[in-house]
Amino acid sequence: MGNFLESLGGIVAGAIIATGSALSTGCDVVTSAACQAGKIVSDVAEGVASIAEDKSKNDRLGS
């Protein structure tokens, strides 16, 4: 259960980081919601992929 909660925490943290990065990408906050949303989805997907990669590394190491 700990791994699930760690993954969930990582996803939430990734979403928060992605939101911040979307706001700093130069997208116009008012008119480019789609631009921001695309970047957030992309960043969150990368975060989820890296969590999965880290988990598989940990599994191989036997932790």
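Quick note: the sequence shown uses my numbering, first residue 20, plus one each step.
C-beta: ideal position from N, C-alpha, C; glycine also.
Note that the structure is predicted; figures quoted are calculated from it, not measured.
Distances from the alpha-carbon of Val-31 to those of Glu-65, Ala-53, Gly-57 put Glu-65 closest. Glu-25 and Arg-79 have their C-alpha atoms roughly 18 Å apart.
In this structure, Lys-74 places its C-beta atom within 8 Å of the C-beta atom of Asn-22.
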